[in-house]
Structures are given as structure tokens and as C-alpha cells.
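Novice: 334 is the number that our numbering gives to position 334 of the sequence shown; each next residue is one higher, with no gaps.
Even for Gly, the Cβ is constructed at its ideal location relative to N, Cα and C.
Here's a structure for you.
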Amino acid sequence: MATAIDATTLELTCAPEPWEAVGDSWTPTPDEAAALDAAGVVEALVEQHALRAMIETSRLVLAWRFAHTYDDLPHVAATSEHHHARRVALAGAGAPLVHEHAPLELALHLQMSPQSGRTLMGAALEIAHRLPRLWQRLLDGELEAWRAREVARETLSLAPEIAAAVDDLLAETPRAINQVTADDLILEALLVLDPEEAARREARHDDGRAVFVSPPTGPQAVPGLPGRWAEVHARLEAPDAEALDRTLDAIARILAEGAAADEDDPDSETHQQRRATALGLLADPHAAAALLDGGTRPTPRPATLYVHVDALDLANLLDGGADHGATLEAFGPATLTLASRWLRDRQITLRPVIDLAADPTTDVHDPTETISEHVVLRDRTCIVPDCRRRARSCDQDHIDPYRHPDDGGPPGQTCPSNLQSLCRSHHRLKTHAPARFALLMAQTGSPKRRTALPQSTPRSQSSPSPSRTSDSSWCSYG
Ligand SMILES: [Zn+2]
Numbered sequence: 001m002a003t004a005i006d007a008t009t010l011e012l013t014c015a016p017e018p019w020e021a022v023g024d025s026w027t028p029t030p031d032e033a034a035a036l037d038a039a040g041v042v043e044a045l046v047e048q049h050a051l052r053a054m055i056e057t058s059r060l061v062l063a064w065r066f067a068h069t070y071d072d073l074p075h076v077a078a079t080s081e082h083h084h085a086r087r088v089a090l091a092g093a094g095a096p097l098v099h100e101h102a103p104l105e106l107a108l109h110l111q112m113s114p115q116s117g118r119t120l121m122g123a124a125l126e127i128a129h130r131l132p133r134l135w136q137r138l139l140d141g142e143l144e145a146w147r148a149r150e151v152a153r154e155t156l157s158l159a160p161e162i163a164a165a166v167d168d169l170l171a172e173t174p175r176a177i178n179q180v181t182a183d184d185l186i187l188e189a190l191l192v193l194d195p196e197e198a199a200r201r202e203a204r205h206d207d208g209r210a211v212f213v214s215p216p217t218g219p220q221a222v223p224g225l226p227g228r229w230a231e232v233h234a235r236l237e238a239p240d241a242e243a244l245d246r247t248l249d250a251i252a253r254i255l256a257e258g259a260a261a262d263e264d265d266p267d268s269e270t271h272q273q274r275r276a277t278a279l280g281l282l283a284d285p286h287a288a289a290a291l292l293d294g295g296t297r298p299t300p301r302p303a304t305l306y307v308h309v310d311a312l313d314l315a316n317l318l319d320g321g322a323d324h325g326a327t328l329e330a331f332g333p334a335t336l337t338l339a340s341r342w343l344r345d346r347q348i349t350l351r352p353v354i355d356l357a358a359d360p361t362t363d364v365h366d367p368t369e370t371i372s373e374h375v376v377l378r379d380r381t382c383i384v385p386d387c388r389r390r391a392r393s394c395d396q397d398h399i400d401p402y403r404h405p406d407d408g409g410p411p412g413q414t415c416p417s418n419l420q421s422l423c424r425s426h427h428r429l430k431t432h433a434p435a436r437f438a439l440l441m442a443q444t445g446s447p448k449r450r451t452a453l454p455q456s457t458p459r460s461q462s463s464p465s466p467s468r469t470s471d472s473s474w475c476s477y478g
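And the structure:
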């Protein structure tokens, strides 16, 4: 798919300053760094910064190019795959649609999540096709990629002619664009170009009420935050926020009084920790009201939590051995001590042990509940590297395609060893481009598929046995 931008892209390699400045950039070894004086350090830092900027720009340019050339790849050009492929819009109106698998494949090569791949390719297409002046500044090394991406994020929803006008205005002062100003600069431009859209944006921003819970699903979606924790951010109107603040304080004080009455150590939790518990209690308004009306701490509301614990670890702990922990599905690893605190006062449903070493089979296409649960427990997420979609919401795909017994299919084709968890996007990639999928999986490292739940090692001396089975008992409460 040719565009007018090809010529300028090709000039990237022979662009004038400041690209040339990074020609001699180098990565100092610790010894070389130690030999630098202050001026030398500054010079090296400036060079490194320019080099990084060039790499980020190249990444955008290559993502744009990949979107346009993806269809030419031999496996994509094959009729059968084209027949099934969807075209998806990753950028605003007027930008070309792209093959649905292009961003997935980009993400695999760059070891990023599918969503990050879509965002990167979408930004590249938005800038290249709807913000041509910023694109040119980018190619000339006069605008850093991250600044251009800040603008692109805000222009996605604008009509093409408005995006073009914003482009004209912002290209004059590229260094003024940053994470804080991109939105303001666009609003300023809209006030001149499209006052009605400006008013709508302003109204949306002025009423920015929102509550965000991270992670909504999946382990460790918040960088640096263990999966068993979640963060809640809220933007409330001031009176509501103040009322909530007072309620949290009130419940926290009742919880502290309750701890004192139970002769628990009242200092075992801080006021802030109790406020966090109080916010959780508000998830069950009736129970919170009962507590505020002078009742006792309510029995926690039914919920479902999958705790995967090895029978040996449980026995070991009961024998006074070390706490080797459990895996809380969707929340990650945790000590058994924490797991038992979460389960305290809950109604626990114990479910049968699933032996992950076994390979139960069925002759029909759809897996039985046991087989399905087995695959979820084993895979935990989509098996494609860097894809974090939970196995419980994935498709279960036959590794060797299922053949109906009437067509000569062998018995027992549906079994854990022939099933894998794939999110819908990756399932479509595998179904419509199987050879490419296999090649990509081979190139990007082994799939995340596990043969059993992870084994925490080394075990302490008090472990009953150094050899562990892959048995996994699990329970839920509800
Ligand atoms: Zn996936």
C-alpha cells in the first residue's frame, strides 16, 4: 500500500542534524565511564539521549511500515488467510485499516502485550496519515517520538480535517508538547477550529468522575505491585469524597474497637490499613450499615477465590514446617498465612483434587468440566508469551486439530495434553495462519504452557519429601 510518505521515510538514513550527531554514539563500559570527566559525562549523556530518541522514532516508523507491508508477507498473501482476515482501525478516520494479525505479530517480535502492539501501531498510523507535519518533524529528528505519541493519543477521535488543523498548529512548536500540555494544546486549537468539539471536551474533563480498579483481571497488571494487591483510584466530586473519607474513618475506628474488645493487639494494624479494609467492607453496603449501626463485624460477602495448594505443603505447614505458600488464581503467589487470613470466617468449598499429571480424555470436541479446569489450572493465562489474558476467559484450542470420529478421528483427542489456552486474538491468528503462528511461537521462545503448577524450590529440610507430585488440591469459597 503505497503512500506519499515513502520518500521521506527513505531519507531517514541520510537526514541532516541532529541525526548525524548520534553517528558515533557508544555505550561506555564501567572502566570507560570511570575515565570520563564531568564534561565527558555530559557529552555522553546527550549522545545517549539522542540515540534513544532515534531508536524510538525508528520503532514508530518501522511499526508504520510493518502495517503497510504485512499483507505482502507470503503467508498472509495466501488466499485462505486473506479470506478470513478482518481489517481493523487502529487510528482515526482516514487512516488505513490494517490486517488484524499485524499488530499481534508486531507485539510478539517486540515482546509486548497485544494491546501495546495495537497502541504502538495505531500511534504510528495516526501520526503518519493524519498528522503529516508532525510526522515530518519526527523524521527530521526535530520531535521526539513520545511527544508525537502524546498528540496522537488525543487526536484519534477527531475528524480528519480537525486533526490536520491541530497538526498544522502543533508542528510550529513541537518542544512545547509534553504529557501535560498535549491535551491543553489540542483544546486550545479546538477552541479556534471547532468550538463545539472544544466545549464537549471541556465538559468531559470538567466532569472527570471515574473509579479505576487495577488490575481488573490478571496477575500483576500493576507494575511493581504483587498480583494479590489491587489499586483503586477514584475522582469524586469534593462533597462525595469528603463524606467517603468520614465514613472510612468511622468504620476504621469501629474495627479498631472491635479488635480491642476481642483482646487482639489494637496496634496490629494501622489506621490506614483499617481504612482500606473499610473500603472493602463498603462492597457490601448492608453489612457495612450493620457495622455502623453498632453491630459486629459482618461475615464477608460470598465471593470466589481459587487457592491452589500442594497437599505436601499443607501437611508440612501443619507439622510446623516452613510456609511454602499457595497460588491464588488471578492474584499470584502468596504465603499460606495470607491465604488463610483471606479465607478466615469464609464458607469454604473444597473441590476434588485435580491430578495435573493425569491426562483424562473424551472423544467429543468440547472438553469435560474436569479437563477444562485442568487446562485452566495448568496454563493460567493465554500461552502466547507476553499475553496476560486469563486462561479462564480464553478459548481452549486443540493443538492437533480435532477430527470427528465419523471422519476417522481417533478416540480421546480432547485431553489436557492436546489442549491449550489461547485468547480470542491469538486463537484467530493460529486458526487462520497456523504455519505463521507456529513459526512465531518458535521464534519468540517457548509458549508459557506449563506441565504443572510451578514448583517453589528449594524446599526446606522439614519438607516431608523432596519429590513433589504434581497433584494440586484447590478450594474455593463462596
Ligand atoms: Zn493471547
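#1: Answer with buried or exposed for G320, where buried requires no fewer than 16 other C-beta atoms within 10 angstroms of its C-beta.
#2: Can you determine whether any heavy atom of ligand 1 sits closer than 8 Å to the C-beta of R389, and answer yes or no?
#3: Identify the residues that DSSP records as bridge partners of L422: which are they?
#4: Please find out if some non-hydrogen atom of ligand 3 comes closer than 8 Å to the beta-carbon of S425.
#5: In or out: S58 buried (at least 16 other Cβ within 10 Å) or exposed?
#6: Around the C-beta of A234, are 16 or more other C-beta atoms found within 10 angstroms, so that it is buried, or is it exposed?
#7: Please tell me whether, using a cut-off of 8 Å, the distance from the CB of L422 to the nearest non-hydrogen atom of ligand 1 is below it.
#8: Just mark P216 as buried or exposed, buried being the case when its beta carbon has 16 or more other beta carbons within 10 Å.
#9: Indicate whether L419 and I354 have their beta-carbon atoms separated by less than 9 Å.
#10: When every heavy atom of ligand 1 is checked, does at least one fall within less than 8 Å of the C-beta of V557?
#11: Out of curiosity, what's the CA-to-CA distance linking T119 and L158?
#12: DSSP three-state label for A63, please.
#13: Taking the Cβ atom as the reference point for each residue, do M121 and W64 lie within a distance shorter than 9 Å?
#14: Would you say the beta carbon of P434 is closer than 8 Å to some non-hydrogen atom of ligand 1?
#15: With H, G and I counted as helix, E and B as strand and the rest as coil, what does DSSP make of F331?
#16: Span of the beta strand (DSSP E) holding V309?
#17: Measuring straight from C-alpha to C-alpha, what distance separates A145 and R52?
#18: Which class does A210 belong to by DSSP, given the choice of helix, strand or coil?
#19: How would you write the range of the alpha helix (DSSP H) that V76 sits in, first residue to last?
#20: Helix, strand or coil for I383? Go by DSSP, reduced to three states.
#21: Considering only heavy atoms of ligand 1, does any lie closer than 8 Å to the CB of P103?
#22: Hey, would you say the C-beta of C394 is under 8 Å away from at least one heavy atom of ligand 1?
#23: Short check: CB of L185 to CB of A198, under 9 Å?
#24: For H365, tell me which candidate among A391, R380, D395 has the shortest Cα-Cα distance.
#25: Quick check: does the Cβ of P114 come within less than 8 Å of any heavy atom belonging to ligand 1?
Specialist: By the coordinates alone:
#1: Burial state of G320 is exposed, judged by a 10 Å Cβ sphere holding fewer than 16 other Cβ atoms.
#2: Yes, Cβ of R389 sits closer than 8 Å to a heavy atom of ligand 1.
#3: DSSP lists D395 as the bridge partner or partners of L422.
#4: With respect to ligand 3, the structure offers nothing, as its ligand set consists of ligand 1.
#5: So S58 ends up on the exposed side.
#6: Looking at its Cβ environment, which holds fewer than 16 other Cβ atoms inside 10 Å, A234 is exposed.
#7: Yes, the beta carbon of L422 sits closer than 8 Å to at least one heavy atom of ligand 1.
#8: Because P216 sits at a pLDDT of 46, beneath the cut-off of 50, its placement in the model cannot be relied upon, and the following sentence gives the value as read from the coordinates. Its Cβ having fewer than 16 others within 10 Å, P216 is exposed.
#9: No, these two residues do not count as a Cβ contact at 9 Å.
#10: The displayed coordinates of the chain run from 1 to 478. Any statement about residue 557 would go beyond what the structure contains.
#11: Whole-angstrom Cα-Cα distance: 17 Å.
#12: In the structure shown, A63 sits in a helix (DSSP, three-state: H, G or I).
#13: Yes, the pair counts as a contact, with Cβ atoms nearer than the cut-off.
#14: It does not: the Cβ of P434 is nowhere closer than 8 Å to a heavy atom of ligand 1.
#15: F331 falls in the coil class under three-state DSSP.
#16: 307-309 is the extent of the beta strand (DSSP E) around V309.
#17: Answer to the nearest angstrom: the Cα atoms are 10 Å apart.
#18: Note: A210 maps to strand in three-state DSSP.
#19: Element bounds for V76: 74-77.
#20: DSSP places I383 in the coil class of the three-state scheme, outside both helix and strand.
#21: Outside the cutoff, so no.
#22: Answer for C394: yes, Cβ within range of ligand 1.
#23: No, the pair does not count as a contact, with Cβ atoms beyond the cut-off.
#24: Closest option to H365, Cα to Cα, is D395.
#25: It does: the Cβ of P114 is within 8 Å (strictly closer) of some heavy atom of ligand 1.
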